[in-house]
Amino acid sequence: MTSKTATFSFGDRLARWLHLAFCAAVFVFLIAPMLVVIPLSFNAEPYFTFSEGMLALDADAYSLRWYRSVVEDEEWRLALTNSLFIGLAAAAIATILGVLAALGLASPAMPGRALVTGLLISPMITPIIISAAGMFFFYSNLGLSQTHLSLILAHAALGTPFVVITVTATLAGFDRNLTRAAASLGAGPFAAFRRIQLPLIAPGVIAGALFAFAASFDEVVTVLFLGGLEQRTIPRQMWAGIREQISPEILAVATFLVAFVLVLLGVVEYLRKRGGQSPVGQ
Amino acid sequence: MALSLAAARVRAAALTLPLVAFIGVTFLAPLGLMLARSVHEPLVADSLPDTLAMLNNWDGVALPSEDVFEVLGRELLSLHQQRSLGGVATRVNRLEAGMRSAIVRTARQLRDADPGSWREAMIAAAPIWNEPKAWRAIQRSGERYTLRHFLHALDLERDTAGNVVAQPPDQRIYLSLLGRTLMVSVVITVICLILGYPVAYLIANSPPSRSNLLLLLVLVPFWTSLLVRTTSWIVLLQNQGVINDLLVAVGLTTEEGRIPMIYNMTGTLVAMTQILLPFMVLPLYAVMRTIAPSQMRAAAALGASFPQAFIRVYWPQTLPGIAAGSLLVFILSIGYYITPALVGGRTGQLISNLIAYHMQQSLNWGLAAALGAILLVCVVLLFLLFNRLVGVERMRFT
């Protein structure tokens, strides 16, 4: 009996070390590709691999030239402006419509909830190539292809499921007696929402908005189908860079995007601590 | 009370209405219109109405009469003058190779002369008009509603008698590509499960401070741009890339023996596995962290070895997480486009890439729509299964 409950038998320890080693390898597989990009973005040579000077930690082998050329490049600057503009506009539309819909879906009285939920999250599960092809015909027929408006609407549609799911999940933990209490104290439905419910679900709303923005900020296929030269976004520029003239500028942009994700996750983590429940990682 | 319930129902529905309308207009309508193209192709029917009306009475075997030649000749001429002949010629050509050039040449040569015999003039311009197959191609491409794109997408076609038969072996590409896509998705799903299960277990059974850190190692790649991660794999795997350089440096391979690891199926598999792995780990972790560690201790105290306790107590409780993660990874895999397009080369392409090819290069939109419809049916069925087994509301990590 005692031998079976002893936790530190040799076999157990070996199994535990094997498990840890396996997990370490998987984490390396997950993270290392992105870590390799960061030092290479400081390469002084126009190559995608470590030069001998870099391996010897020779300061001359490192340079900021690719960052400089990205910052000085008109196209990259236009791409950043476009990505931010389209992303913010799409996230704003997705958040407003998504929060309203989530409030309806979270109500116990909602008729046909399963069907409506299915329809509302369909943009998330439809393969992107099919969505983009459909939007291409749709906006071409309307004469709106190669406009910012078409991309904002497309990205808003693709981003709403993130808002709906995140906010619905936050609302599941919301105590409806609070709005009833507000109503009994004389608050109208809108005042009760704005003063009581919204502050309590705010972390979920902000997280949903961030996810909708991130989805737009990383989207390339609809941009390929709907956008022209004037609508080039950062992912579109990267796509062109990978396909056409591959230059280490892409690695500089990639490093910037990794930093962006770290900031984004930091914000979400802060919200999680404040809001007491995690919209991510659950 | 009944009244207030009705009011609550109306209010809930009204709150969802703006988004339902928005998704209906900006997403479902475009999707529906696109998929309708798989069965609805009115261009030839609208362009050659008189010819097609006359061909209604044709027996399909003998050559049509001089009147039919004349009607077609005149319609081709007027299309040529309106500069809209190209689309018609392309569509007829999809049913019978050579018809594109025949139609264009015929229209060009008929342009200046009003021939005595339309029949002779047209056969002189393109001898294929002397064969019934040319007329059958006109007739069939004039069907306003058609299933031929779906047949084509399933490697089938109609023979001259109208029976559904398999395409010639050298033209059967779509079923094998669909099969390859499903196969790749299965392989990626299984690898993700094998890699992801132990990792999720470790995160779920670590003390909170460490598990948060480990979770971050999953979330950072999860939220990092797809293009960044695909670029990283190119940097690592290409012929002059980091891994090959390393292998040469340590002498595992020679300068000439650099291993092709990208722009082929290997590239697609490696990059997609890394990109989709978080979709496996996160649902598994969500389930595992609800399993109290005391259960395993209780099993051990009752005399079970670790493997016994794991198989009898732990594993069965993680099945919902396995179902969620596997279905999610599988659904995402079969519709994957970007990564195969960038690192798949010629051999690592999936069904989405072929849809993109027909959308952008061959411009065979009917076929693209039919392939898209088949892919969408697969995805929707899998998603309904996911919804039944797991439930959309549990997808909180997105």
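Top to bottom, those sequences are chains A and B.
If you want the numbering used here, it's the 1-based position in the first sequence plus 17.
If you want the numbering used here, it's the 1-based position in the second sequence plus 22.
Glycine included, each C-beta is placed from N, C-alpha and C at the ideal position.
### Task
Take residue 286(A) and list the residues in its own chain whose beta-carbon comes closer than 7 Å to its own, dropping the five residues that flank it on each side.
On the first sequence, position 269 is the one that residue 286(A) refers to. Around residue 286(A): no qualifying Cβ.
### Query
Tell me, which residues are paired with residue 187(B) by DSSP?
Residue numbering aside, residue 187(B) sits at position 165 when the second sequence is read from its first letter. Its beta-bridge partners are 179(B).
### Task
Look up residue 386(B) in the DSSP assignment and say whether it is helix, strand or coil.
In the second sequence, the residue the question calls residue 386(B) occupies position 364. Looking at residue 386(B) - three-state DSSP - the assignment turns out to be coil, as it is neither helix nor strand.
### Query
How many angstroms separate the CA atom of residue 393(B) from the CA atom of residue 150(A)?
Residue 393(B) sits at position 371 when you count from the first residue of the second sequence. Residue 150(A) sits at position 133 when you count from the first residue of the first sequence. The straight-line gap from Cα to Cα measures roughly 12 Å.
### Query
With a cut-off of 8 Å, does the C-beta of residue 411(B) fall near any C-beta of chain A?
If you number the second sequence from 1, residue 411(B) lands on position 389. It does not; no Cβ of chain A falls within 8 Å.
### Query
Quick one: which chain A residues come within Cβ less than 8 Å of residue 245(B)?
One-based indexing of the second sequence puts residue 245(B) at position 223. Correct list: 231, 278, 281, 282.
### Task
Establish whether the CB of residue 189(B) and some CB of chain A are separated by less than 8 Å.
Your numbering for residue 189(B) matches position 167 in the second sequence. Judged by the 8 Å Cβ criterion, residue 189(B) is not in contact with chain A.
### Message
If we require 4 or more residues per run, which alpha helix (DSSP H) segments fall completely within the region 78-106 of chain B?
### Response
88-103
### Query
Counting contacts by CB-CB distance shorter than 8 Å, is residue 321(B) in contact with chain A?
Reading the second sequence from its first residue, position 299 is the one you call residue 321(B). Judged by the 8 Å Cβ criterion, residue 321(B) is not in contact with chain A.
### Query
Just reading off the alpha helix (DSSP H) that residue 283(B) is part of, what are its end residues?
Numbered from its first residue, the second sequence carries residue 283(B) at position 261. Element bounds for residue 283(B): n/a, residue is neither H nor E.
### Query
Are the region 59-70 of chain A and the region 40-49 of chain A in contact at 8 Å, needing three or more beta carbon pairs?
no
### Task
Name the two residues that bound the continuous alpha helix (DSSP H) containing residue 98(A).
In the first sequence, the residue the question calls residue 98(A) occupies position 81. 91-123 is the span of the alpha helix (DSSP H), which, as asked, contains residue 98(A).
### Per-residue contacts from residue 262(B) into chain A (C-beta, under 8 Å)
Residue 262(B) sits at position 240 when you count from the first residue of the second sequence. Under the 8 Å cutoff, chain A gives 64, 65, 66.
#### Entry: Cut-off 6 Å between Cβ atoms - residues of its own chain near residue 71(A), not counting five sequence neighbours on either side
The residue labelled residue 71(A) in the question sits at position 54 within the first sequence. Excluding residues within five positions, the ones whose Cβ falls inside 6 Å are 78.
### Message
Taking the beta carbon of residue 68(B) as the centre, do at least 16 other beta carbons fall within 10 Å, making it buried, or is it exposed?
### Response
For this step, residue 68(B) is matched to residue 46 along the second sequence. By the neighbour-count rule (16 or more Cβ atoms within 10 Å), residue 68(B) is not buried but exposed.
### Task
Buried or exposed for residue 23(B), please, with buried defined as at least 16 other CB atoms from any protein chain shown within 10 angstroms of its CB.
By 1-based counting over the second sequence, the position of residue 23(B) is 1. Note that residue 23(B) has pLDDT 48, beneath the 50 cutoff, so the model's placement of it is unreliable and the number below is only indicative. Result: exposed.
#### Entry: In chain order, each alpha helix (DSSP H) run of at least 4 residues that lies wholly inside the region 115-162 of chain B
Inside the region 115-162 of chain B, DSSP marks whole alpha helix (DSSP H) runs of 4 or more residues at positions 121-132, 140-147, from first to last along the chain.
### Task
Could you name the residues of the same chain whose beta carbon sits closer than 8 Å to that of residue 76(B), not counting the 5 residues immediately before and after it, in chain order?
Along the second sequence, one-based indexing puts residue 76(B) at 54. Within the same chain, residue 76(B) has close Cβ partners 86, 89, 90, 93.
### Residue-level contact to chain A via CB, residue 337(B), 8 Å cutoff
Numbered from 1 along the second sequence, position 315 holds the residue referred to as residue 337(B). False, the Cβ-Cβ gap to chain A never drops below 8 Å.
### Task
State the Cα-Cα distance for the pair residue 224(A) and residue 283(A), rounded to the nearest angstrom.
Within the first sequence, residue 224(A) is the residue found at index 207, counting from 1. Within the first sequence, residue 283(A) is the residue found at index 266, counting from 1. Roughly 11 Å between the two C-alpha positions.
### Message
For residue 233(B), which residues in the same chain have their Cβ closer than 6 Å to its Cβ, ignoring the five residues on either side in sequence?
### Response
Position 211 of the second sequence, counted from the first residue, corresponds to residue 233(B). Result list for residue 233(B): 225, in chain order.
### Message
Between which two residues does the alpha helix (DSSP H) holding residue 351(B) run?
### Response
By 1-based counting over the second sequence, the position of residue 351(B) is 329. Per DSSP, residue 351(B) belongs to the alpha helix (DSSP H) from 337-356.
### Task
Assign residue 254(B) to one of two classes, buried (16 or more other C-beta atoms within 10 Å of its C-beta) or exposed (fewer than that).
Counting from 1 along the second sequence, the entry for residue 254(B) is found at position 232. Classification for residue 254(B): buried.
### Query
What is the C-beta distance between residue 378(B) and residue 363(B), in whole angstroms, given that I count them as a contact (C-beta under 8 Å)?
Reading the second sequence from its first residue, position 356 is the one you call residue 378(B). Reading the second sequence from its first residue, position 341 is the one you call residue 363(B). That belief holds up - the Cβ atoms of residue 378(B) and residue 363(B) are roughly 7 Å apart, short of 8 Å.
### Query
How many Å lie between residue 191(B) and residue 261(B) at the Cα?
Translated into the one-based positions of the second sequence, residue 191(B) becomes position 169. Translated into the one-based positions of the second sequence, residue 261(B) becomes position 239. Straight-line Cα distance between these residues: approximately 35 Å.
### Query
Can you find a C-beta in chain A that's less than 8 Å from the C-beta of residue 420(B)?
Looking up residue 420(B) in the second sequence gives position 398. Below a pLDDT of 50, predicted positions are generally treated as unreliable, and residue 420(B), at 41, falls in that range; no measurement from the model is reported.
### Message
Looking only at its chain, what residues have a beta carbon closer than 8 Å to the beta carbon of residue 406(B), apart from the 5 residues adjacent to it on each side?
### Response
Taking the second sequence and counting its residues from 1, one reaches residue 406(B) at position 384. Excluding sequence neighbours, residue 406(B) sits near nothing in its chain.
### Query
Sorted by chain position, which residues of the same chain lie with C-beta nearer than 7 Å to residue 251(A)'s C-beta, five sequence neighbours on each side aside?
Position 234 of the first sequence, counted from the first residue, corresponds to residue 251(A). Taken in chain order, the residues that qualify are 96, 97, 100, 270.
### Message
Tell me whether the region 48-67 of chain B and the region 150-168 of chain B touch, counting them as touching only if at least three CB pairs, one residue from each stretch, are closer than 8 Å.
### Response
yes
### Query
If we call anything under 8 Å between Cβ atoms a contact, is residue 221(B) one with residue 43(A)?
If you number the second sequence from 1, residue 221(B) lands on position 199. If you number the first sequence from 1, residue 43(A) lands on position 26. It is a contact, given that the beta carbons lie within the stated cut-off.
### Query
What three-state label does DSSP hand residue 60(A) in the structure shown?
The residue given as residue 60(A) occupies position 43 in the first sequence. Correct three-state label for residue 60(A): strand.
### Message
Measuring only the C-alpha atoms, how far is residue 189(B) from residue 174(B)?
### Response
Working through the second sequence from its first residue, we reach residue 189(B) at position 167. Working through the second sequence from its first residue, we reach residue 174(B) at position 152. About 8 Å.
### Task
Give a yes or no on whether the C-beta atoms belonging to residue 298(B) and residue 354(B) are separated by under 8 Å.
Walking along the second sequence from the start, residue 298(B) turns up at place 276. Walking along the second sequence from the start, residue 354(B) turns up at place 332. Result yes, Cβ atoms of residue 298(B) and residue 354(B) sit closer than 8 Å.
### Query
Name the chain A residues whose beta carbon is nearer than 9 Å to that of residue 357(B)?
Locating residue 357(B) in the second sequence gives position 335, counting from the first residue. Near residue 357(B) (Cβ distances below 9 Å), the residues of chain A are 142, 143, 144, 145, 146, 147.
### Task
Can you pull the chain B residues whose beta carbon is under 7 Å from the beta carbon of residue 256(A), in chain order?
Position 239 of the first sequence, counted from the start, is the residue given in the question as residue 256(A). Those within 7 Å of residue 256(A) in chain B are 249.
### Message
Taking 8 Å as the cut-off, does the region 233-245 of chain B touch the region 274-282 of chain A (at least 3 CB pairs, one atom from each stretch)?
### Response
Cβ pair count under 8 Å is three or more, so yes.
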